[in-house]
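Going line by line, the protein sequences match chains R and L.
So that you can map any letter, position 140 of the first sequence is 128 in this note's numbering, and since no number is skipped, the others follow by simple counting.
In this note's numbering, each residue's number is its place in the second sequence (first place is 1) plus 922.
Idealized CB from N, CA, C, for every residue including glycine.
The model shown is predicted, which means the values in this text are computed figures rather than measured ones.
What follows is a single structure, written as structure tokens, with notes after it.
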Amino acid sequence: MDSKQLYQEVILDHNRKPRNWGKLEDATHRSEGVNPLCGDHIWVALKVDGDRIEKIAFEGESCAICKASASMMTTAVKGKTAADAQMLVDHFRAMAVGAEDLETSGRYLGRLTVFAGVRDLPSRVKCAILPWHTLHAALDQQDSTTTEGAADPVALEAQGAPGNA
Amino acid sequence: MTATTARRATGGNERRLVTPLDVERIRADFPILANVRVDGKPLVFLDNAASAQMPQPVIDRLVRYRTWEHANIHRGVHYLSETATAAYEHARGIARRFLNAGEDREVIFTSNCTDGINLVAHGYGRKFIGAGDEIIITHLEHHANIVPWQMLCEEQGARLRIVPVTDAGELILEEYERLFNPRTKFVAITHVSNALGTINPVKAMIATAHRHGVPVLIDGAQAAPHLKLDVRDLDCDFYAITGHKIFGPTGIGVLYGKANLLERMQPFKGGGDMILSVTFEKTTYNHIPHKFEAGTPPIAEAIGLGTAMEYMTGIGHDGIGAHEHALLEYATELLGAIPGVRLIGTAKEKASVLSFYVGDVHPHDVGTILNQEGVAVRTGHHCAQPLMQRFGVPATARASFAFYNTFGEVEVLAAAVRKVQKMFA
């Protein structure tokens, strides 16, 4: 898949009209995610009730791939349990770095496989992953995360870190 | 020199595009330009400010050295060592002429421009700059001409002062003059901005600094590909360039320094070749330039850089300047006519670098979509984050043109940018 297929209408649409955009006053979990290499910078906030993600919102400054990924992520995990959301995080990461075949990813991720094209664009992989990485940090009660250094999601995936599919 | 003219229809008006260069003949010297296709489309390489391509004579020179001439230099008495030493020192002479330095011993081979600046920050800075002293740099600097000085300041308790820029990306010279005081000990400024293309009036700025008795380093990484260099006319104290931006290999650069300063400086790195004699009690350092060339240098790369400099001189700086200026004007016109395109950096004096923003589309999206049209541009902060902050953008897309780029390629760029604009409309 090349970049022609990456900028599909669904991605352009979520970039133009991001869903669940904004702040969440009654958030129980929040995290800030930064990709220092390209400047993508987002905030993800959740209201978790019991085990369920009741509300989710995000905002920030980023490229279209990151913003659309965040927007589609919020619609995918809203109403799900934290454990189910974490499972999606794992499959999304695995799909984005090419560690899982697309058919398997598709079973869990559905429409989110529109981002599979980033696996052929190494410089853009982290754009798509950042929101998921930030969601993971929020669920894990970390205030902030970055795509570089010890928390590098691509490196973690390559090492087969525990918790990743 | 052949004059090439092309007629182009732009916005209903026919425009005459003139260049003194035979660009097609020049392009034939650069195999990568014809060899590479991206997604089946011809490569349009507009990332020259990051790293320019090597012409066949440079590639051939590297191969010849490696197949016929290689040995370590300044060591053996045998045939190959003498051959390699002669070729390496011959390249130093070419670099001296390229910079119009007075003597070969004022020309130090470094590994790149960053290395040259660090050499001065260490060799001059740590010896002559102390607590409470001030170093002047500008808001236009590449991180390579910020961080070494910042590290020096931290270590010595000195302070960085910054020359501000206008909205067009030009230095505010009155502010520069106001920064001088008795504590000012060094000035480090870029000749040409890598992110915006602004050509700074460095000759006048050097004269100002000298009136205050302050030495000046010029970061020439982005000037060397475009301008005819003359360190004696500028009267700069140091001038740093890198090889891979002037059609030479990576891993090699040149630092010019005035002999009387280089002699007073401490070495940057200790090791072989930079010494006259060593005992465990005392080491006597070698004469300049060898004092600053510790260890085995990138010999092939230095020789290849010499060939690249001769290649540029062969084309001629007047022709290079005129062609690149025509490309820049044409690109500025075509991109400027696209709705929503904002040009970042509109200085009167500019090298062929065009930084831009398309509507509110993030530059990384611009870069990815341009790539699908075969167009290579740089996207990001260009290692100039303070400058990006000044213009309120996290990053830009940057097209940078070399003498082998064509008017047709400018048109491919403009068409690709229109695609981006339509896709995100």
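Note that the C-beta distance between G1079 of chain L and A1053 of chain L is below 7 Å. Contacts with chain R at 7 Å (Cβ-Cβ) include D1287 of chain L. F1278 of chain L: not part of any alpha helix (DSSP H); member of the beta strand (DSSP E) spanning V1275 to V1280, first to last residue.
By the beta-carbon neighbour count (other beta carbons within 10 angstroms, threshold 16), D1141 of chain L is buried. Between the C-alpha atoms of G105 of chain R and V85 of chain R there is a straight-line separation of about 10 Å.
Under DSSP, S1199 of chain L shares a beta bridge with L:T1206. Taking a C-beta cut-off of 9 Å against chain R, none of the residues of the stretch 1254 to 1278 of chain L qualify. Contact annotation: F1325 of chain L and H1245 of chain L have beta-carbon atoms nearer than 7 Å. Residue range V1069 to Q1078 is occupied by the alpha helix (DSSP H) that includes W1071 of chain L. Residues M60, A64 and F80 of the same chain have their beta carbon placed closer than 7 Å to that of L100 of chain R, with the five preceding and five following residues left out of the count.
Every unbroken stretch of the beta strand (DSSP E) spanning 3 or more residues and falling wholly within the stretch 8 to 78 of chain R is given here in chain order: 17 to 23, 28 to 37 and 40 to 49. Setting aside the 5 residues that flank it on each side, E1223 of chain L is surrounded in the same chain by G1165, P1171, G1173 and I1174, each with a C-beta closer than 7 Å to its C-beta; the list follows chain order.
Leaving aside the five residues that flank I1197 of chain L on each side, the residues in its chain whose CB is nearer than 8 Å to its CB run, in chain order, T1205, T1206, Y1207 and N1208. The beta carbon of E145 of chain R sits closer than 7 Å to the beta carbons of R81, A82, V85, A87 and N152 from its chain, once the five residues preceding and following it are set aside; these are given in chain order.
In the displayed model, Y1161 of chain L falls within a strand according to three-state DSSP.
Residues of chain L with a Cβ closer than 8 Å to the Cβ of A52 of chain R are, in chain order, V1283, H1284, D1287 and F1346.
Going by DSSP, S132 of chain R is part of the beta strand (DSSP E) stretching over S132 to T134. Residue contact with chain R for P1308 of chain L: absent (no Cβ-Cβ distance below 7 Å to any residue of chain R).
Taken atom to atom, the span from the alpha-carbon of A45 of chain R to that of Q1072 of chain L is near 39 Å.
When DSSP reads this structure, S1322 of chain L sits in a beta bridge with L:D969 and L:V1275. Beta-bridge annotation (DSSP): A1298 of chain L is paired with L:F967. Annotation: the continuous beta strand (DSSP E) that includes E1056 of chain L extends over E1056 to T1060. Take the alpha-carbon of H1286 of chain L and the one of G1302 of chain L: they are about 7 Å apart. In summary, the residues of the stretch 106 to 117 of chain R whose CB is separated from some CB of chain L by less than 9 Å are L109, S111, R112 and C115, in the order they occur in the chain.
Beta-bridge pairing by DSSP links I117 of chain R to no other residue. Under the DSSP assignment, F1108 of chain L falls in the beta strand (DSSP E) whose first and last residues are T1106 to T1112. Put simply, the stretch 1314 to 1325 of chain L touches the stretch 1246 to 1253 of chain L. At least three CB pairs are less than 8 Å apart.
If you check each beta-carbon in the stretch -8 to 5 of chain R against every beta-carbon of chain L, the ones closer than 9 Å belong to K(-8), L(-6), Y(-5), L0, N3 and R4.
Going by beta carbons, A1126 of chain L and N1067 of chain L fall outside the 7 Å limit. Judged by their CB atoms, L1256 of chain L and V1263 of chain L are not nearer to each other than the 7 Å cut-off. The beta carbon of K1049 of chain L sits closer than 8 Å to the beta carbons of R1186, M1187 and Q1188 from its chain, once the five residues preceding and following it are set aside; these are given in chain order. At least 7 Å separates the CB of G86 of chain R from every CB of chain L. Counting only unbroken stretches of 3 or more residues, no beta strand (DSSP E) element lies wholly within the stretch 1226 to 1261 of chain L. The straight-line gap separating the alpha-carbon atoms of D1037 of chain L and E946 of chain L is approximately 35 Å. About 39 Å separates the Cβ atoms of M976 of chain L and L0 of chain R, ruling out a contact at the 8 Å cut-off. Any Cβ of chain R closer than 7 Å to the Cβ of P1123 of chain L would place that residue at the interface, and such an atom is absent.
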